[in-house]
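Below you'll find the structure, written out as C-alpha cells, and then a few comments.
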Ligand code: NAI
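In the numbering used here, the protein residues as written are 231 to 620.
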C-alpha cells in the first residue's frame, strides 16, 4: 500500500472519552490519517474539536449523514476509506449501516448496537457490501492475550474445563449520572445504552475475551443481575454461570459498583494439564500453572527458545523490546493496525494473512449482542439455564 488509509470519525469530540484513544491508536503505526469528522452532538464542540485536530472546515460535518454523503461525492483519492464510530451505543447502528452501504469500511465501538436485530442487520450489510467491519474489543489486542490463545489452541493445557473471567470496576458505585457525568448518564439510560448497563458495557469485553482465548463458544447462561444503586434501572452488577460448547464451564462477573476497583479485568483458564492467568492491570505478564511444575512467567517481547517460543500472533503485535511496558494504547493500536493491513490488502487485491485478520469483527459484534440478550432474558425469567439466542 503506497499511502495512508483515510479515517473519518463520528463522535469523539472534546466532550468525549474514548475518541481520543482511537486517534492515538490509529496514529501509532503511521498507516492512518484522520481527514474528517462529525465529532460531537454539540455544534460548537464539533467545530472546536475539528480546529484542534487541524481538520479543514469543509471536512468538519454537521452530522454523520452529511459526512457520508459529502465524502462519497469526493474524488477517490481524497475521500475517507473508513468511518470510526465512537458515539453512545444508540448512535452506532445508523452510521455503520449508512457507511457500509455507501462503500466505506467501519471501525465501531462495543457493544456493536443496542439490539440483536440491529447487529444481525449490520452483519447482513457487511456480507452484502464486502466491506470490513472492526469492533474494538480492546483487550484482545494484547500480545500475551494472543500468546494465551495460541497455547490453548496448540493443546498445551489439554482439554479446557474451566474459564473464570471477571471485570470489576468501581466508577458507578454512586449515582454519578445525576452529577453531570455525561458518560454515566447515557450508559444508565436504557434507550441510549440498550437492555443492560454492566453486562453490555464491560460484560461483553469479558465474554469476548473468554471466547477469543479459548476458541470456545458460550452455549447457555444462568445469570444474576442487580441494580444496586438506588435510582438506577439497569444492572450495575452481575454474575453469570456459563456453559461452553465442549462441556467446559465458566463463571463471568461484570460489576461497576466494585468500589475502589479500576479496570481489573482478569481471566483464568484451566485445562486437564494446567492453566493460565492474565490480567489487564499487569498485561505484560502471562502466568502459566502446570501440574507438577514450578509456575512459569511469560513476558512480552522476549526471544524465548523452543518449546517456549512466543507465537507469531504475539510477536506480530509487539512493538518494543522486552521490559519496556506496552499497555492499553498499544493493544488498541494493534486492533487498528491489523484492520488497516486487512483493508490495504483488500485494496491491493491480496488476501490478508491470518495475523492481519486477527481483530474482532461483525460476528463478534453479533455474539456480544446475543450475550446481552441471553443474559438479560435469563435474569428476567425463572428458568435456570437459557440457551444462547443465536
Ligand atoms: P462519551 O459520552 O464520552 O462520548 C460520546 C461522544 O459522542 C461525544 O463527543 C458526543 O458529543 C458524541 N455524540 C453523541 N451523539 C452524537 C451524534 N449523533 N453525532 C455525533 N456525535 C455524537 O462516550 P464514550 O465513553 O467515549 O463511549 C463511546 C462509545 O465507546 C460507547 O459505545 C462505549 O461503549 C464505547 N467505549 C469503549 C471502550 C473500550 O474499551 N473499547 C471504552 C469506553 C467506551
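Yeah, the Cβ is synthetic: ideal placement off N, Cα and C, and Gly gets one too. As the structure is a prediction and not an experimental result, all values here were calculated from the model.
Integer-rounded CB distance, given that residue j should sit under 8 Å from residue i
| i | j | result |
| --- | --- | --- |
| residue 364 | residue 591 | 7 Å |
| residue 501 | residue 391 | 6 Å |
| residue 376 | residue 543 | 4 Å |
| residue 366 | residue 550 | Between residue 550 and residue 366 the Cβ distance is about 22 Å, and since that is not below 8 Å, they are no contact. |
| residue 371 | residue 561 | 4 Å |
| residue 240 | residue 325 | 5 Å |
| residue 312 | residue 448 | Between residue 448 and residue 312 the Cβ distance is about 30 Å, and since that is not below 8 Å, they are no contact. |
| residue 476 | residue 389 | 7 Å |
| residue 248 | residue 316 | 5 Å |
| residue 275 | residue 425 | Contact flag wrong, Cβ pair sits at about 29 Å. |
| residue 427 | residue 600 | That belief does not hold up - the Cβ atoms of residue 427 and residue 600 are roughly 18 Å apart, past 8 Å. |
| residue 353 | residue 593 | 7 Å |
| residue 292 | residue 273 | 7 Å |
| residue 499 | residue 539 | Contact flag wrong, Cβ pair sits at about 20 Å. |
Classification of residue i by the beta-carbon crowding that lies within 10 angstroms, buried from 16 upward
| i | result |
| --- | --- |
| residue 252 | buried |
| residue 433 | buried |
| residue 547 | buried |
| residue 369 | buried |
| residue 486 | buried |
| residue 231 | exposed |
| residue 288 | exposed |
| residue 408 | exposed |
| residue 340 | buried |
| residue 440 | buried |
Pairwise C-alpha distance: residue j and residue i
| i | j | result |
| --- | --- | --- |
| residue 270 | residue 314 | 13 Å |
| residue 567 | residue 559 | 12 Å |
| residue 266 | residue 588 | 27 Å |
| residue 518 | residue 584 | 25 Å |
| residue 393 | residue 520 | 16 Å |
| residue 437 | residue 268 | 31 Å |
| residue 537 | residue 552 | 19 Å |
| residue 481 | residue 349 | 25 Å |
| residue 404 | residue 382 | 39 Å |
| residue 545 | residue 571 | 16 Å |
| residue 554 | residue 495 | 21 Å |
| residue 525 | residue 246 | 42 Å |
| residue 323 | residue 535 | 46 Å |
| residue 279 | residue 243 | 5 Å |
| residue 465 | residue 305 | 47 Å |
| residue 351 | residue 471 | 29 Å |
| residue 303 | residue 296 | 11 Å |
| residue 463 | residue 574 | 44 Å |
| residue 612 | residue 479 | 21 Å |
| residue 491 | residue 329 | 37 Å |
Simplified DSSP assignment, three categories, for residue i
| i | result |
| --- | --- |
| residue 572 | helix |
| residue 529 | strand |
| residue 312 | strand |
| residue 372 | coil |
| residue 493 | coil |
| residue 499 | strand |
| residue 619 | coil |
| residue 395 | strand |
| residue 473 | strand |
| residue 232 | coil |
| residue 304 | coil |
| residue 483 | strand |
| residue 523 | coil |
| residue 578 | helix |
| residue 288 | helix |
| residue 600 | helix |
| residue 378 | helix |
| residue 508 | strand |
| residue 444 | helix |
| residue 450 | strand |
| residue 609 | helix |
| residue 335 | strand |
| residue 265 | strand |
| residue 271 | coil |
Beta carbon proximity, residue i to chain D, threshold 7 Å
| i | result |
| --- | --- |
| residue 473 | As a matter of chain content, chain D is missing from the structure shown, which is built from one protein chain. |
Contact set for residue i: own chain, Cβ-Cβ below 7 Å, skip 5 residues either direction
| i | result |
| --- | --- |
| residue 283 | 264 |
| residue 516 | 374, 377, 378, 506, 508, 528 |
| residue 262 | 234, 235, 237, 256, 566, 570 |
| residue 489 | 400, 403 |
8 Å CB neighbourhood of residue i in its chain, flanking five on each side removed
| i | result |
| --- | --- |
| residue 331 | 355, 359 |
Spatial neighbours of residue i in its chain, beta-carbon cut-off 6 Å, leaving aside the 5 residues before and after
| i | result |
| --- | --- |
| residue 301 | 309, 310 |
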